[in-house]
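A.B. asks: I'd like to ask you about the structure that follows.
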Amino acid sequence: MSTDSDPPSGTVVSERTAIPIPVAAAIGVLAVGVALGFGDLVAALAAPPSSPFLAVGDQFIRLTPEPLKQFAISAFGTHDKQVLLGSMAVVIALVAVIGGVLSRRSPLPGVVLVVVLGLVGASSTIASPTFTAAYLLAPLAAFLGGVATLVGLHRLARPTGHDPGAGNPGRRVALGLGVALGGAAVTGVLGRVLAAAGGAEASRNAVGPLPSPAGRGPAFPPPGADFATSGTPTWITPNADFYRIDTALQVPQVSTADYRLRIHGMVDRELTLDYEQLRSRALIEAPITMACVSNDVGGDLISNAVFLGVPLRDLLAEAGVQRGADQIASTSVDGFTTGTPVAACTDGRNAMLALGMNGQPLPVEHGFPVRMVVPGLYGFVSGCKWITDIELTTFDSFTSYWEQRGWAEQAPVKTQSRIDVPRADVPVPAGRATVAGTAWAQHRGIARVEVRADSGPWRTAELAADVSIDTWRMWRAELDLAPGPHTLQVRATDATGATQPEAFSLTIPDGATGWHTVNVTAR
Ligand SMILES: Nc1nc2c(c(=O)[nH]1)N[C@H]1C(S)=C(S)[C@@H](COP(=O)(O)O)O[C@H]1N2
Ligand SMILES: [Mo]
Numbered sequence: 011m012s013t014d015s016d017p018p019s020g021t022v023v024s025e026r027t028a029i030p031i032p033v034a035a036a037i038g039v040l041a042v043g044v045a046l047g048f049g050d051l052v053a054a055l056a057a058p059p060s061s062p063f064l065a066v067g068d069q070f071i072r073l074t075p076e077p078l079k080q081f082a083i084s085a086f087g088t089h090d091k092q093v094l095l096g097s098m099a100v101v102i103a104l105v106a107v108i109g110g111v112l113s114r115r116s117p118l119p120g121v122v123l124v125v126v127l128g129l130v131g132a133s134s135t136i137a138s139p140t141f142t143a144a145y146l147l148a149p150l151a152a153f154l155g156g157v158a159t160l161v162g163l164h165r166l167a168r169p170t171g172h173d174p175g176a177g178n179p180g181r182r183v184a185l186g187l188g189v190a191l192g193g194a195a196v197t198g199v200l201g202r203v204l205a206a207a208g209g210a211e212a213s214r215n216a217v218g219p220l221p222s223p224a225g226r227g228p229a230f231p232p233p234g235a236d237f238a239t240s241g242t243p244t245w246i247t248p249n250a251d252f253y254r255i256d257t258a259l260q261v262p263q264v265s266t267a268d269y270r271l272r273i274h275g276m277v278d279r280e281l282t283l284d285y286e287q288l289r290s291r292a293l294i295e296a297p298i299t300m301a302c303v304s305n306d307v308g309g310d311l312i313s314n315a316v317f318l319g320v321p322l323r324d325l326l327a328e329a330g331v332q333r334g335a336d337q338i339a340s341t342s343v344d345g346f347t348t349g350t351p352v353a354a355c356t357d358g359r360n361a362m363l364a365l366g367m368n369g370q371p372l373p374v375e376h377g378f379p380v381r382m383v384v385p386g387l388y389g390f391v392s393g394c395k396w397i398t399d400i401e402l403t404t405f406d407s408f409t410s411y412w413e414q415r416g417w418a419e420q421a422p423v424k425t426q427s428r429i430d431v432p433r434a435d436v437p438v439p440a441g442r443a444t445v446a447g448t449a450w451a452q453h454r455g456i457a458r459v460e461v462r463a464d465s466g467p468w469r470t471a472e473l474a475a476d477v478s479i480d481t482w483r484m485w486r487a488e489l490d491l492a493p494g495p496h497t498l499q500v501r502a503t504d505a506t507g508a509t510q511p512e513a514f515s516l517t518i519p520d521g522a523t524g525w526h527t528v529n530v531t532a533r
């Protein structure tokens, strides 16, 4: 650090005209903060999916190699998005600090940095599958806000070397930094608030009670289906706990008023339906257990809900599916696609366009206003959320989102079972222990569940009431556990008589196999 008594060398002169490092770092961070705030505000006003920060995240997700994506899902589960956004914030803050410190003498390096960040943001919004010209406004606003803040603060903070006695420079700088901080915070918060207000939640709240399906049966769950008192999950998963998997960093916001569904392609009559038209049709209601193909053995990417919706077979019959069409290509408003066999939607099972979930309009994160649900198939080939387009086509001529990334074209849910209690990390009292869990083989049904300890004989577990072949089934058994370590295993047999294989296989391409194994200690 130079002081006034330093000899007059070039370094010292230039050190005198340089902004102190902490102030320079703050300027960098604030310039980028204002840029992000402006970007979010203008995005909320012009085109919500164009927030540059979130668009970069979306682009990152699209370009992430498959193994890394798999790692993120298995390591962070449904928190993978928070982890991604948090890491992005840290990287951007670091870049901003470096840019600020490099601009101690001239704002040029910082401006170059904002330009680069701006180009990354702009190219990410351009790469969005739903891009329109309005998407360019937010990155442009972010860029202008960032550069103006940087240059303005730089001018305020840079020592002139020959102080003309312009009041108290320290106070001026602090004021400038404060104003920039306020600007970043206000625009950022306002952008969030506007995005939420213009969002789908308001439309969802206005939907009102959904119509009753014809011949509604007794309430779910029927008696005997729930083993939650033995330590399994509740038979019906509350909407707030239902697992969520999608590629959308920003949950698509679709109002019922704007909603349109087009059914076209290899059909005799093209159909376009709005929300009211869908909801005034004959509806069906059915409990359906959905599962994600990324669910590891023993994993929790599986949930059960009572869905209410329009049977797909009715819509397909009305459109008239032409001979040769074997695939239903569905597209979400965010560009995501699924490819579902026509046969699975016309063979009598409860394949539907769901409007309701557990007695409520579909939650926004689960596809409001309309999503597809097909019992027996993994979500990535059947569960298109925010669905807006259905094209009847062939498997030869259309490849859906995850199939393009190495996952299977055909993906029926594999028979699986899971031990929910005892848990590996909680010691069990020695003696008689309750082992309980969940088993599923959607659209085939569970016929038997067996458990064993320490590779001993298999013991048949008690099964909960059989509600539907499309839902999971709870099971429990009593085992005697001597003090010491034990290895517990479970396997299920579906109603076709097939027992799940012991051999482990990865989730990619069409779902994990293997017996769930839990190591416990009895004390
Ligand atoms: N629009 C859209 N729909 C989607 C997805 C997606 O990424 N985007 N993911 C699919 C996958 S992989 C699964 S497992 C289910 C999960 O549905 P949920 O989030 O309601 O549990 O949604 C499917 N539908
Ligand atoms: Mo999935």
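Using the working numbering, you'd call the opening residue of the sequence shown number 11 and step up by one each time.
Glycine is no exception: its CB is placed at the ideal position from the N, C-alpha and C atoms.
Small disclaimer: the values here were computed from a predicted structure and weren't measured.
1) Take VAL125 as the anchor and find which of SER97, ALA158, THR142, LEU95 has the nearest alpha-carbon.
2) Can you tell me whether VAL436 is buried or exposed, with buried defined as 16 or more other CB within 10 angstroms of its CB?
3) Pull up the distance between the alpha-carbon of PRO231 and that of GLY192, whole angstroms please.
4) Grouping DSSP H, G and I as helix and E and B as strand, with all else coil, what is PHE70?
5) Do TRP396 and ligand 1 come close, with the Cβ less than 7 Å from some heavy atom?
6) How big is the Cα-Cα spacing for ASP336 and LEU118?
7) Tell me the rounded alpha-carbon separation between VAL331 and PHE48.
8) Should ALA235 be labelled buried (16 or more other beta-carbon atoms within 10 Å of its own) or exposed?
9) Alpha carbon to alpha carbon, how far is SER290 from VAL217?
10) Between the region 56-63 and the region 136-151, do at least 3 Cβ pairs fall closer than 8 Å?
11) Return the bridge partner residues of SER515 from the DSSP annotation.
12) Is it true that the CB of SER84 sits closer than 8 Å to the CB of ASP306?
13) Tell me whether PHE514 is buried or exposed, calling it buried when 16 or more other Cβ atoms sit within 10 Å of its Cβ.
14) Would you call the region 500-514 in contact with the region 444-456, where contact means no fewer than 3 C-beta pairs closer than 8 Å?
15) Measuring straight from C-alpha to C-alpha, what distance separates LEU163 and VAL111?
16) Taking contact to mean 3 or more Cβ pairs, one atom from each stretch, closer than 8 Å, check whether the region 403-411 and the region 278-294 are in contact.
17) My understanding is that SER213 touches ALA267, with C-beta atoms under 8 Å, so please give their C-beta distance in whole angstroms.
18) Does the beta carbon of CYS302 fall short of 7 Å from some heavy atom of ligand 2?
19) How would you label SER116, buried or exposed, when you count the other beta carbons within 10 angstroms and need 16 or more for buried?
20) With C-beta atoms as the reference, is ILE246 less than 8 Å away from ALA315?
21) Can you name, in chain order, every residue of its own chain whose Cβ lies under 7 Å from the Cβ of ALA190, other than the five neighbours on each side?
22) Per DSSP, THR282 forms a beta bridge with which residues?
23) Considering LEU104, what are the terminal residues of the alpha helix (DSSP H) in which it resides?
24) My output table needs one value for ASP480: the three-state DSSP class, helix, strand or coil.
25) Between the region 419-426 and the region 370-379, can you find at least three pairs of beta-carbon atoms closer than 8 Å?
26) HIS89 to SER265, Cα distance in whole Å?
27) Roughly how many angstroms lie between the CA atoms of VAL93 and VAL303, to the nearest whole one?
C.D. replies: To lay it out plainly:
1) Residue 125 sits at position 115 when you count from the first residue of the sequence shown. Of SER97, ALA158, THR142, LEU95, the residue nearest in Cα terms is ALA158.
2) Position 426 of the sequence shown, counted from the first residue, corresponds to residue 436. Label assigned to VAL436: exposed.
3) Walking along the sequence shown from the start, residue 231 turns up at place 221. Walking along the sequence shown from the start, residue 192 turns up at place 182. Whole-angstrom Cα-Cα distance: 52 Å.
4) Stepping through the sequence shown from its first residue, residue 70 is reached at position 60. When secondary structure is reduced to three states using DSSP, PHE70 falls in the helix class.
5) Position 386 of the sequence shown, counted from the first residue, corresponds to residue 396. Checking the Cβ of TRP396 against ligand 1 gives yes.
6) Walking along the sequence shown from the start, residue 336 turns up at place 326. Walking along the sequence shown from the start, residue 118 turns up at place 108. Cα to Cα, the separation comes out at about 58 Å.
7) Locating residue 331 in the sequence shown gives position 321, where the first residue counts as 1. Locating residue 48 in the sequence shown gives position 38, where the first residue counts as 1. Whole-angstrom Cα-Cα distance: 48 Å.
8) The residue labelled residue 235 in the question sits at position 225 within the sequence shown. ALA235 should be labelled buried.
9) Residue numbering aside, residue 290 sits at position 280 when the sequence shown is read from its first letter. Residue numbering aside, residue 217 sits at position 207 when the sequence shown is read from its first letter. Approximately 13 Å, taken between the alpha carbons.
10) yes
11) Here residue 515 corresponds to residue number 505 of the sequence shown, with the count starting at 1. THR523, per the DSSP bridge assignment.
12) Working through the sequence shown from its first residue, we reach residue 306 at position 296. Working through the sequence shown from its first residue, we reach residue 84 at position 74. Taking 8 Å as the Cβ cut-off, ASP306 and SER84 qualify as a contacting pair.
13) For this step, residue 514 is matched to residue 504 along the sequence shown. Exposed, because fewer than 16 other Cβ atoms sit within 10 Å of the Cβ of PHE514.
14) yes
15) In the sequence shown, the residue the question calls residue 163 occupies position 153. In the sequence shown, the residue the question calls residue 111 occupies position 101. So the two alpha carbons sit approximately 13 Å from each other.
16) no
17) Translated into the one-based positions of the sequence shown, residue 213 becomes position 203. Translated into the one-based positions of the sequence shown, residue 267 becomes position 257. Confirmed, Cβ separation roughly 7 Å.
18) The sequence position of residue 302 within the sequence shown is 292, counting from 1. Yes, since a heavy atom of ligand 2 falls inside the 7 Å radius drawn around the Cβ of CYS302.
19) In the sequence shown, counting from the first residue as 1, residue 116 sits at position 106. It counts as exposed.
20) Counting from 1 along the sequence shown, the entry for residue 246 is found at position 236. Counting from 1 along the sequence shown, the entry for residue 315 is found at position 305. By the CB criterion at 8 Å, ILE246 and ALA315 fall inside the cutoff.
21) Locating residue 190 in the sequence shown gives position 180, counting from the first residue. Around ALA190: LEU40, VAL44, THR159, LEU163.
22) Along the sequence shown, read from residue 1 onward, the residue named residue 282 stands at position 272. According to DSSP, which records beta bridges pairwise, THR282 is partnered with ARG272.
23) Translated into positions along the sequence shown, residue 104 becomes position 94. Annotation: the continuous alpha helix (DSSP H) that includes LEU104 extends over 90-112.
24) Your numbering for residue 480 matches position 470 in the sequence shown. Three-state DSSP puts ASP480 in coil, outside helix and strand.
25) no
26) Stepping through the sequence shown from its first residue, residue 89 is reached at position 79. Stepping through the sequence shown from its first residue, residue 265 is reached at position 255. Cα-Cα distance, rounded: 26 Å.
27) What you label residue 93 is simply residue 83 of the sequence shown in a count that begins at 1. What you label residue 303 is simply residue 293 of the sequence shown in a count that begins at 1. Between VAL93 and VAL303, the C-alpha separation is close to 21 Å.
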